[in-house]
Structures are given as structure tokens and as C-alpha cells.
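Read the structure below first, then the notes.
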Ligand code: NAI
């Protein structure tokens with residue numbers, strides 16, 4: 016089996032001072048990538064002034080193992096922060112080939128009790144953060160005709176989770192961003208994919224039983240994330256799920272549906288009568304893009 020390498024490649028991993036991001040950064044560096052270890056070092060809810068220690072320690076670990084890395088302490092949640100992170104990469108290593116949008120926080124609370132501030136801050140870090148850093152990296156990748164971008168979603172967004180409306184919305188937002196960027200990046204060899212991870216970290220250690228968490232090490236998520244960052248990976252627009260040694264693809268699918276005569280007046284009662292067939296997911300299909308999705312309306316049969 017030939018080894019997958021990242022020699023000559025420059026990778027930015029946001030929020031890589033701890034948890035999943037740290038694991039991704041260490042794996043990329045161990046295979047030859049020069050890595051920007053970004054982390055503002057805040058609390059799990061994003062509060063506090065932050066600390067340089069987490070990013071700095073990961074850089075030291077990479078260097079001690081013979082790799083190359085620099086620390087960056089910008090927050091992803093502002094446009095200046097996003098630009099600053101990419102500038103750290105271009106100043107230190109001249110370019111950016113790989114971007115893993117991983118930084119994240121939680122502000123869990125039921126929808127009734129959620130404040131606008133709790134909503135905004137989670138959207139700011141996960142959705143705007145992914146936007147700001149990707150927006151700054153995109154022209155560099157386009158110029159070099161090469162890019163591998165990863166977004167980080169969550170089962171909470173894909174399937175829902177009590178008390179996480181802010182987080183769920185943000186985590187599906189990045190899936191929408193990927194779905195369009197996959198088309199906009201393709202001609203410049205920029206592949207955009209998404210990971211839905213499951214791993215023990217300070218984010219999950221209080222909400223899952225210990226015997227489950229013991230199997231959910233971040234190092235079991237990073238192989239598929241880093242594979243999607245490799246030159247060999249020519250696929251774009253995938254959502255991959257990974258945790259505890261399980262690897263799978265997630266897809267948005269649509270039932271085959273039913274056709275009612277578009278030239279007739281369709282009533283609610285007509286739709287109600289057909290509802291069992293409309294929601295029957297047997298033979299469900301996916302679409303490559305919005306036009307393909309809309310085009311299906313006209314493919315009778
Ligand atoms: P973590 O809390 O261990 O790591 C997140 C890192 O992001 C922290 O080091 C934090 O300082 C950094 N960070 C937070 N806000 C930042 C900002 N504005 N700018 C720069 N860095 C910032 O959490 P974990 O579990 O490693 O999560 C990583 C990503 O994976 C997150 O996006 C999370 O939502 C996602 N995720 C994790 C799951 C899990 O099972 N651990 C499940 C689903 C998604």
C-alpha cells in the first residue's frame with residue numbers, strides 16, 4: 016500500500032489546540048505537511064480571553080517529532096481573524112493548500128431559553144468562522160489551482176439534538192456552503208468535503224457514558240479527514256461520518272415522489288390522498304446540484 020503524503024503541502028487547521036483539530040494537525044504533520052495550528056484557546060462556550068498555550072503546545076509536539084508548524088491565535092469568528100489565519104500561513108510557508116474548518120464552541124440551551132447572544136455566538140464561530148477563513152483561503156487556492164477544504168458538521172445538525180438549535184443551524188449551514196463551493200471550486204482543483212465526527216473531547220465528555228467515550232478517540236476520525244485532504248482525493252461534496260472506528264457517507268435524499276397533473280388544480284385533499292407515496296423513501300435518490308434537483312420535477316415516470 017503506498018503511503019499518503021503531504022510533503023510540500025501547507026495545511027491550516029482551525030481550533031487545533033485541542034480535541035479533533037489537534038489530532039488532524041498531528042496526523043497531517045506526521046505525513047510531511049507544514050501546519051498552521053490555529054486556536055484562540057478559549058473555554059468550551061467560547062467565553063474568556065483565551066490562551067496561547069493549547070496552540071503553542073501542539074506546535075511544540077509537531078516540532079519535537081521532526082515536523083514543521085507555526086501557531087496562530089486569531090479567532091475564526093471575525094473577518095480580520097479569518098484573514099489573519101491565512102496570512103500566518105502565507106507568511107510562514109508561502110501558500111495554503113489544505114484548510115480544515117474545525118474550530119467550535121457550544122452554548123446549549125433549550126430554544127425557549129436561548130438568548131440572541133447564545134444564538135449569535137454559535138453561528139459566529141461555526142458558520143461565519145468557516146466562511147471567514149475559507150473566504151480568505153479561497154483566492155490563494157484558486158491562484159495555485161489546488162485546494163482541499165473540509166467543513167465540520169455534526170449529527171446535531173444532520174439529525175437534530177435537544178437544546179442545540181443554534182449549533183444545529185450552524186452545522187447545517189456549513190453543509191449548504193459546501194454544496195455550492197463544490198461547484199465553484201471544481202475547475203480549480205479545489206475539493207470541498209465535510210466531516211461529521213464523533214469523538215471524546217471536552218465538548219462531549221459530559222454528555223456520553225465513559226465506556227462509549229473510551230472508543231471514540233479523535234485519532235479514529237482524523238484518517239478519513241486527512242484522506243479527504245490528500246492529492247489522491249478527487250471527490251468533492253461528500254459528507255462523511257466517522258467515530259469509534261465506523262466510517263460512512265451521509266447524503267441528503269429525496270423520495271421518488273408522485274406526479275399530479277401540473278395543468279390541473281391540485282387540492283390539499285389530492286396531496287393528502289397521495290401522502291403515503293410522497294413520503295415513501297423506497298428508491299429515494301439524491302441530486303448533484305440544485306438544477307438537477309429541480310430538473311427531477313419534469314422527469315415523469
Ligand atoms: P474542542 O473544544 O476540544 O476543540 C475545539 C477547539 O476550537 C478548542 O481548542 C477551542 O479553543 C477552539 N476554538 C473555539 N472557538 C474558536 C475561535 N473562535 N477561533 C479559533 N479557535 C476556536 O472540541 P472538539 O470536540 O474537538 O470539536 C471540534 C469540532 O468538531 C467542532 O467544530 C465541533 O463542533 C465538531 N464536532 C465534534 C464532535 C465530537 O464528538 N467531539 C461531534 C460533532 C461535531
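Residue numbers (the numbering used here): 16 to 316.
Glycine is no exception: its CB is placed at the ideal position from the N, C-alpha and C atoms.
Would you identify the three-state DSSP class for residue 176, choosing helix, strand or coil?
coil
Residue 203 and residue 278 look like a contact to me (Cβ under 8 Å); what is the Cβ gap, rounded to whole Å?
Contact doesn't hold; Cβ gap of about 44 Å is too wide.
Can you give me the C-alpha to C-alpha distance between residue 126 and residue 258, rounded to a whole angstrom?
28 Å
According to DSSP, is residue 253 helix, strand or coil?
coil
I need the straight-line Cα distance from residue 223 to residue 86, nearest angstrom please.
31 Å
May I ask you to list the residues that DSSP assigns as paired with residue 209?
166 and 254
Take residue 155 and list the residues in its own chain whose beta-carbon comes closer than 7 Å to its own, dropping the five residues that flank it on each side.
101, 105, 110 and 111
Specify the secondary structure class of residue 92 as computed by DSSP and reduced to three states.
coil
Quick check: the Cα distance between residue 280 and residue 288, rounded to an integer number of angstroms?
15 Å
Just to check my reading of the structure: residue 239 and residue 209 have Cβ atoms closer than 8 Å, yes? What is that Cβ distance to the nearest angstrom?
Rounded, the Cβ-Cβ distance is 11 Å, inconsistent with contact.
N-terminal and C-terminal residue of the beta strand (DSSP E) that residue 86 is part of
83–87
Inter-residue Cα distance where the pair is residue 207 and residue 52:
20 Å
By the DSSP assignment, the beta strand (DSSP E) with residue 383 in it spans what residues?
Coverage of the chain is limited to positions 16 through 316, which leaves residue 383 absent and any answer about it impossible.
Less than 6 Å separating the Cβ of residue 323 from some heavy atom of the ligand NAI?
No statement about residue 323 is possible, as the shown extent of the chain runs from 16 to 316 and does not include it.
Exposure of residue 171, with buried meaning 16 or more beta-carbon neighbours within 10 Å
buried
Residue 94 classed as buried or exposed, judged by whether at least 16 other C-beta atoms fall within 10 angstroms:
exposed
By the DSSP assignment, the beta strand (DSSP E) with residue 25 in it spans what residues?
25–28
Hey, could you find the ends of the beta strand (DSSP E) residue 53 is sitting in?
49–53
Look at residue 151 and residue 97 and say whether their C-beta atoms are less than 7 Å apart.
yes
Can you tell me whether residue 307 is buried or exposed, with buried defined as 16 or more other CB within 10 angstroms of its CB?
exposed
To the nearest angstrom, report how far apart residue 132 and residue 165 are at their CA atoms.
27 Å
Between residue 84 and residue 124, is the Cβ-Cβ spacing less than 7 Å?
no
Reduced DSSP secondary structure (H/G/I, E/B, other) of residue 102:
helix
Please tell me whether, using a cut-off of 6 Å, the distance from the CB of residue 117 to the nearest non-hydrogen atom of the ligand NAI is below it.
yes
CB residue 234 to CB residue 38, shorter than 7 Å?
yes
Could you spell out where the alpha helix (DSSP H) holding residue 293 opens and where it closes?
283–293
How many angstroms separate the CA atom of residue 270 from the CA atom of residue 297?
7 Å
Can you say whether residue 180 is buried or exposed, counting buried as having 16 or more other CB atoms within 10 angstroms of its CB?
buried
So, helix, strand or coil for residue 309, using DSSP?
helix
Hey, could you find the ends of the alpha helix (DSSP H) residue 242 is sitting in?
237–243
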